[in-house]
Every structure is written in structure tokens, then in C-alpha cells.
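Remarks on the structure that follows.
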Amino acid sequence: FFNKEGDFNNLTAAAYHKKTHLLVTGFASGIFHLHELPDFNLIHSLSISDQRIAAISINCTGDWIAFGCSGLGQLLVWEWQSESYVLKQQGHFNSMVSLAYSPDGQYIVTGGEDGKVKVWNTSSSFCFVTFTEHNSGVTAVTFTSTGYVVLSASLDGTVRAFDLHRYRNFRTFTSPRPSQFSCLAVDSSGEIVAAGSQDSFEIFIWSMQSGRLLDVLAGHEGPISSLSFNPMKCVLASASWDKTVKLWDMLDSWRTKETLIMNSDVLVVAFRPDGKELAVAALNGQITFWDHENAVQTGSIEGRHDLQMGRKELDKITAKQAAKGKSFTTLCYSADGQSILAGGLSKFVCIYNVKEQILMKKFEISCNYSLDAMEVFCVSKGMKHLCGHGTTSLTFTNLVSNIAKCQTKFLQNYRHFKPEIRVTCVRFCPTGRSWAATTTEGLLLYSLDSGLIFDPFELDIDVTPSNIHKTLNQKEYTMAIVMAFKLNEKKLIQEVVEAVPSSEVDVVCSSLPDLYVEKLLEFLASAFETSCHLEFYLTWAHKLLMLHGQKLKTR
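Structural data, given as C-alpha cells:
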């Protein structure tokens, strides 16, 4: 049918719904067609994107059709009968560069190289507003202390303020001479906005109220890489590639209060939430901690080896050698100030204890080997595929033909774009319960509260924590376990199971319904990992398997 229509070359995705005989086809131009089979009656067609439709799926009733456009990172759900969108989501076209949490931790704002500023809801994971006013890549984003204003700095030479009540760009800050802004900070009152330039080596200070430029701070001899306001005092810290961190006193006409000299180019600077300590990450892979009041270094972490750099596809040196030039490019203190989160050009994010200066945990953000710099080892013989041959006798003619072959093969193999795994920004949630990272894989959220998702099973009105405790006090252990599994809260299940006397385990296991035997075994499997009551849980597992093992086997 499509061959006759002449459209088959452009067909990129298709899905068929058997019950309703619906065929949905997607094309390279971003158009989709909806046909009724077997007569190929066209129900309707619509253009939903500028790029090819990569994937199509139909729900079980046949009412909703989902489309994925990988080129623009679009996800659309279309209800074809009412001809309306059920869901419309789009990620950043290029990589995300920066992120910030709102003061209550409910929202996250991200800025990308595509010039877009997006605000996401942390509980639903959906983006609910996108600002497209910037003409070039966004380099930094932040919330003000009220949580209703988002600020973004860009390479287009503007810093913009967006209102989250009316979703509009209500202030645009610019410099007298066009400058590319690489970093951004706002003070705790939300009144003073500062941005650092990467071409004129200056820091620009504006008033949020009036939008006027208040001051231009000069003194650095290299691009400004990071800015941070002290949360408790009127002090601004600026980091630069000139191997210095400068502290500017707002109350003293922005005079340089202190200059901290580093051994290497400074990439990022961050104040502890109580404002008493300053963390600095430099190009040599070190994180140093400073008592900025007295300009004294209080500690340092040698973080280069913890980054554990991967080896790129075309690297001629080992990952270990490559790691010598690597460093952390983003830092953030935890809400209590006891830990620091650090990430960089690597697939790992590290959490350090500040006081002990030791690595507490390392998070691997991706296992996706289609990204570059994921491998630790590279088989050197694999590099032969670039030229398609090993060594040959090198006459001049041979050499010329080898170079020509090699160039052709190289272009064929490496014209495709392979993104490198990296962490561009990490931020702790103000609640201290979660943190987020912008990476090559997208925006990732890590939380301590993942176990608190309410997921009940066959719940009825009488199943409440107080009723479970009442049943437990009446020594009706089997009933209490069944009720705990209906509520499905892990801590409550653990409390009930551990309240059963070991002499009663046999009786409870024999009277437990089959459905809850599997649930209890799943719970025991996870409890073995963490619990110190090893013998008690082994007794449970042993009795359950002895009594119900045969039934479980047959299934």
C-alpha cells in the first residue's frame, strides 16, 4: 500500500491494534497516519514533530497512541477519537549543563546547551514549563530564596529572571559590552544577582528590583569559572582559571576581602550551608576546604583516583594515565554540611565525609556502553579496524594508499556522534533526603525515601497501622502478618515479623495463605542483606520452605 503511495521510503515506525484493526504509521517528516484495515481507510493524519517518529505504541483499549521522537527527545500520547493530547513531554535537545532545587525541594530547574530552561516536578518527574528566550547555551540556573523566581545565565550575553506565577521573563540583565556568562549566583535575600564572564574576566552585579547594573568587579586574570554567595554573610566567592579564589565584601563597596592562592586552575567553589567553610575544586583533582574568615586551609581530599576515568574509544593511553589530568567540575554540600557531593568527566559521583575526608560512597550513574569513556580497558588490536589492516611493507606508494584507505575508513566509522559520559552538575535537595545530577543520561534523582511509595495490596478500610498493632497485641500473628502485607510498608512488616516468638513460627507458617508465603519469602530475602537477626530469619525461611516448598516448586 505504501509502495503504491510512494511513501514507503519515509516510513520509520508502525504499530497495529488487533481488536480495533487500527494501523498507525510514523514517517521521517514527523507525520503519522491512522488507517483502518483491511480496507486502508484513512481515519486521520497529523504532523506532530519536525523530526522522524522513532517509536509508536498503542494502549490495550486502542484509544491512546504513544509516539517517541528520539531526535528531539519528545514523548507524546494522543487520543485519536477526541483528537487531543493526553501527554506532551520533551527533554533538552542537547545535554543538560546545570540544575538547581527550589527551596522546598518540590521543583528542579535545568538549563541546557539548546538554550532552554525547564522546570520539573520532583514527585511526578514531568516538566511543566519551558522557557525558550535564550539564543545560546544556558550555562547556569538558580532559584531565589522565595522559590518563585528562576534565574539563568547564558552564552548569549544575558541573565534572565523568570516568574513562576505567570510563566514570563520579567527581567533581562546585560553587561555594557557583550560578554559570555559562564556562572551565576544570587544572594540569600534574592536582591543581588552576580554573573561571571569567561571572556572579559569580570564579575557583573545587578539589582533584581530595578534591573540596573550596580558594579563590575575586576581583578581576576582568567575566565571566571564559579560564583557562590555566603548564605549567612554579604560575601561573594569567585573562582577563576588564574589559580585564585577571591572573596568580595558587599558591605565594603565590593572590595576584595581575601585572595586564596591555589596550586592549579580553580573550577568550582561552594559555601557550606552555615557559611563557615568554603570548598574549592581545582584542575589537579583536589578538593580543598578553607576557613575563609582566617584564610586558612583546613583540609583536602585527593579525589582524582575516585573519579575512575573511563578510556575513550580513540585514546592511545590507559584510563589510569588519562585520569592524571582529570578533576571534579561540580561540588555541592549536603543540607547538614557534613558531606560533600562531587562529580566530573566520569561515570561516577562521589560523596565524601568532610570531617574525616574519606570517600563514603560512589554512585555509578550509567552502565550504558554505547556512550564514550565507559570502558576502563581498551583492546589495542581493536584499533586496527580504523584502517582495516595491520602493518605492511612501507614503500612510498604503499604509504600513500594506506593513508588514503585509512582516511576513508576513519570518516565512515567516526562520522557518527558518540556522546561522552559526564556529570555536569550535582545538587543536594534542601530537605537533605535526595540529590540530583545532570548527566549525559539526563536528569537523575537519588532519594532516601524511595521506600515510602504507598503501594498497598488488596487494601480494605480496616487495615491501618493501629489495627495491625492491636491484632499483634492479641497474639493473632498470622492475621497481623497478612494485614501488614496488605498495607505493604516495609518497616511495619519487619516490626510484625520480628514480634512473632520463635516458638510460634512453625504454627504461623502452616496457617499462612499461599499468596502471602511468596510475599514473606521475598521480604526475608531482602532482610537477610541487612538484618542482624540472622538465625531468626533463617528459622522463618526454613519452616516456610519445608511446609510450602513442594507447592512453590510445582509453580
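Mapping of the sequence shown onto UniProt numbering: position 477 corresponds to residue 477, and the numbering continues sequentially without gaps. Every residue, glycine too, gets a C-beta built ideally from N, C-alpha and C.
Under DSSP, Met250 takes part in no beta bridge, so it has no partner. Of the residues Ala140, His134, Val517, the one whose Cα lies closest to the Cα of Met96 is Ala140.
DSSP places Lys347 outside both helix and strand once states are collapsed to three, so it counts as coil.
For Trp540, the enclosing alpha helix (DSSP H) covers residues 534-554.
Judged by beta-carbon spacing, Cys425 lies within the 9 Å limit of Ser98, meaning their Cβ atoms are closer than that value. With at least 16 other beta carbons inside 10 angstroms of its own, Gly91 counts as buried. In terms of Cβ geometry, Phe162 and Val149 form a close pair [threshold 9 Å]. A distance of 9 Å or more separates the beta carbons of Phe32 and Ile58.
If you look at Thr130, you'll find it in the beta strand (DSSP E) that goes 127-131.
The beta carbon of Ser189 sits closer than 8 Å to the beta carbons of Ser145 from its chain, once the five residues preceding and following it are set aside; these are given in chain order. Annotation for Lys88: Leu76 place their beta carbon closer than 6 Å to its own, counting only its chain and skipping 5 residues before and after. Restricting attention to Pro223, Glu191, Cys532, the CA atom closest to the CA of Ser200 is found in Pro223. Following the DSSP letters along the chain, one finds Tyr477 inside the alpha helix (DSSP H) bounded by residues 477-487. Apart from the 5 residues on each side of it in sequence, Glu293 has no Cβ closer than 7 Å to any other Cβ in its chain. Contact between the region 284-291 and the region 247-254 is absent: fewer than three C-beta pairs spanning the two stretches fall below 8 Å. Going by DSSP, Ala270 is part of the beta strand (DSSP E) stretching over 266-271.
Secondary structure of Ser154 (DSSP, three-state): strand. The beta-bridge partner set that DSSP reports for Asn41 consists of Glu36. Scanning its chain for C-beta atoms nearer than 7 Å, with the 5 sequence neighbours on each side dropped, one finds around Phe40 the residues Phe1, in chain order.
Rounded to whole angstroms, Leu37 and Leu23 show a C-alpha spacing of 7 Å. The residue from Gly211, Met208, Val266, Asp514 with its alpha-carbon nearest to that of Leu227 is Val266. Per DSSP, reduced to three states, the secondary structure at Cys509 is helical. In this structure, Ser346 sits near Gln308, with a CB-CB distance shorter than 9 Å. If you draw a 10 Å sphere on the C-beta of Lys361, you find fewer than 16 other C-beta atoms in it, and that means exposed. Under the DSSP assignment, Asn169 falls in the beta strand (DSSP E) whose first and last residues are 168-174. The alpha-carbon of Cys509 is positioned some 12 Å away from that of Lys519. By the CB criterion at 9 Å, Asn135 and Asp114 fall outside the cutoff.
Here Gln51 really is in contact with Leu72; their C-beta atoms are around 5 Å apart, less than 8 Å.
Within the same chain, and ignoring the five residues on either side of Lys326 in sequence, the residues whose Cβ sits closer than 8 Å to its Cβ are Gly285, Arg304, Leu307, Met309, Gly344, Leu345, Ser346. DSSP, read as helix, strand or coil, puts Ile493 in helix.
In this structure, Lys246 lies away from Met262, with their beta-carbon atoms at least 9 Å apart.
When the beta-carbon positions are compared, Ala282 and Tyr333 stay at least 9 Å from each other.
The closest CA to that of Leu236, considering only His165, Ala194, Asp156, Leu534, is found on Ala194.
A distance of 9 Å or more separates the beta carbons of Ala28 and Leu42.
Measuring C-alpha to C-alpha distances from His220 to each of Glu504, Gln198, Leu545, Leu214 identifies Gln198 as the nearest. One Cα belongs to Val86, the other to Ile56, and the distance between them is close to 15 Å.
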